[in-house]
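Here the numbering used here is used: position 279 in the sequence shown is 296, and no number is missing along the way.
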Amino acid sequence: MRLPAVPRPLMRALVRYGVRPVLSAGVPEAFQRRWLEIMTAPTPLPSGVRVTRDRLAGRPALRLTPPGADPARAVLYLHGGGFTIGSPATHRALAGHLADAAGATVYVLDYRLAPEHPYPAALDDTTAAYRELLERGYAAEHLSIAGDSAGGWLTLRAGIELRDAGTPLPALLVLISPVVDLGPTDRPDDAGDPMLQKSWIRSCIDSFASGRDPRSPELSPVYADLAGLPPLWVHVGSDEILYDDSVRIVERARAAGVRADLRRLDGLWHVAHAHAGLLPEATAAVAELGGHIRQATLPLTDTTGSSA
C-alpha cells in the first residue's frame, strides 16, 4: 500500500519527538534497537522490490532486488546507528529505494554491534562481506559500497583496508552523513539537529572504541592516508551535528588526489534519506545517489543507461 507523502515539518517533528529522546546515553541499547525497528517499520518499499534473506561471510544480510536489476552489479550497504544500534530491518526501505534507483541488487549487512562487539568487529565483517561478493563473481568495477552515519565510517574505513590489502576496489564509495572523526571535536550545539545529541554520539564512540585512542587514523579516518581510494560521493543535511565531518572528509580526499563530491541537502537532518518513500526530499536524495551508483558501475561499453 502506498502511503501519503509526509510534509517536511511534520517529519521533522516526528524525528525530534519520536526518535531523538530514545537515542540517549541513558537508554539501554536493547530498547534503542527495538524502538528504531518500530519507528522505521512503516516506511514503504518501492513497488516490485524483492527482499530475500542472505548471508555474507557468515553474517546475516538482506538482499534487495528491484525489477529488471542488472545481475552484474551490486551495492554493499552498511546501516547507521552509532555502531551500537540499527540493522538491515531498520534500513530496508532506504536500501530498497537505493536498489530501485541504481538498478542493482543491494546487500544490507547485519554487522556486529558494540558494546558487545567493539572495534574492529564491524570493520572485519564489512571487508569480509565485500570479498565474498567478489567471490560470488561480481567484478570490483561493478560494485559500490555505501553507508550512512556509522555505516559511512565503515564504508570509508573498508575502502582504506581493502586498498592496503591490495584487494580490487569498488567503483564508488557513497557516504551519507558520515562520522569520520571519533575524537573530541568542536561540533556545533545539537539544538538544531532534530535527531542526534552530542552526548549520545560520545557514548556510542566510547562503546565502539573500547579504550582505543579515538583520534588515531584507524578510528578517525579523516586523519588517514586517503590516496588511491575510489571516488567518494557524500550527502549531508544542512541541519545536523555531523555536517563538518562531511566537509572535512571531502577536503581531505581532494587534497589526496581522490575525486570527492559533496551534496548539501538544505533543510534536512541526519540521514533524512531513511524516510525515502514518505518524505519527498528524501526520496529524491536517494534517487540521486542511485543515479550516481548506476553511472559509476555500468560497463564502460554501455552509454545508454541500460543493463549490460
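Ideal placement from N, C-alpha and C gives every residue a C-beta, glycine not left out.
Answer with buried or exposed for residue 298, where buried requires no fewer than 16 other C-beta atoms within 10 angstroms of its C-beta. Walking along the sequence shown from the start, residue 298 turns up at place 281. Buried: at least 16 other Cβ atoms inside 10 Å.
Residues near residue 244 in its chain [Cβ-Cβ closer than 8 Å; skip 5 each side]: Within the sequence shown, residue 244 is the residue found at index 227, counting from 1. Result list for residue 244: 273, 274 and 275, in chain order.
According to DSSP, is residue 252 helix, strand or coil? By 1-based counting over the sequence shown, the position of residue 252 is 235. If DSSP states are grouped into helix, strand and coil, residue 252 belongs with the strands.
Is it true that the segment 106-116 meets the segment 146-156, where meeting means three or more beta-carbon pairs spaced less than 8 Å apart? no
If we count the other Cβ atoms within 10 Å of its Cβ and call it buried at 16 or more, is residue 294 buried or exposed? Residue 294 sits at position 277 when you count from the first residue of the sequence shown. The residue in question, residue 294, is buried, as its Cβ has 16 or more Cβ neighbours within 10 Å.
Expressed to the nearest angstrom, what Euclidean distance is found between the alpha-carbon atoms of residue 201 and residue 37? What you label residue 201 is simply residue 184 of the sequence shown in a count that begins at 1. What you label residue 37 is simply residue 20 of the sequence shown in a count that begins at 1. Answer to the nearest angstrom: the Cα atoms are 21 Å apart.
Among 60, 303, 27 and 69, whose alpha-carbon lies nearest the alpha-carbon of residue 191? Taking the first residue of the sequence shown as position 1, residue 191 is located at position 174. When only C-alpha atoms are compared, the closest one is 303.
Residue interval of the alpha helix (DSSP H) (run including residue 216): Here residue 216 corresponds to residue number 199 of the sequence shown, with the count starting at 1. It spans 215-226 - the alpha helix (DSSP H) in which residue 216 sits, taken as one unbroken run.
Same chain only: Cβ atoms within 8 Å of residue 29, ignoring 5 sequence neighbours per side: On the sequence shown, residue 29 is found 12 positions in, with the first residue counted as 1. Correct list, in chain order: 211 and 286.
For the alpha helix (DSSP H) that residue 169 lies in, which residues bound it at each end? In the sequence shown, counting from the first residue as 1, residue 169 sits at position 152. Unbroken alpha helix (DSSP H) run through residue 169: 167-182.
According to DSSP, is residue 77 part of a helix, a strand, or is it coil? Along the sequence shown, read from residue 1 onward, the residue named residue 77 stands at position 60. Residue 77 falls in the strand class under three-state DSSP.
Taking only the alpha-carbon atoms, compute the straight-line gap between residue 86 and residue 22 and give it to the nearest angstrom. On the sequence shown, residue 86 is found 69 positions in, with the first residue counted as 1. On the sequence shown, residue 22 is found 5 positions in, with the first residue counted as 1. So the two alpha carbons sit approximately 26 Å from each other.
Apply the 10 Å Cβ neighbour rule to residue 158 and answer buried if 16 or more other Cβ atoms are within range, or exposed otherwise. Residue 158 sits at position 141 when you count from the first residue of the sequence shown. Buried: at least 16 other Cβ atoms inside 10 Å.
Got a sec, what are the start and stop residues for the beta strand (DSSP E) residue 262 sits in? Here residue 262 is taken as the residue at index 245 of the sequence shown, counted from 1. Looking at the DSSP string, residue 262 is not in any beta strand (DSSP E); the run it does join, the alpha helix (DSSP H), is 260-272.
Would you identify the three-state DSSP class for residue 124, choosing helix, strand or coil? Translated into positions along the sequence shown, residue 124 becomes position 107. If DSSP states are grouped into helix, strand and coil, residue 124 belongs with the strands.
Where residue 197 falls: helix, strand or coil (DSSP): Taking the sequence shown and counting its residues from 1, one reaches residue 197 at position 180. Note: residue 197 maps to coil in three-state DSSP.
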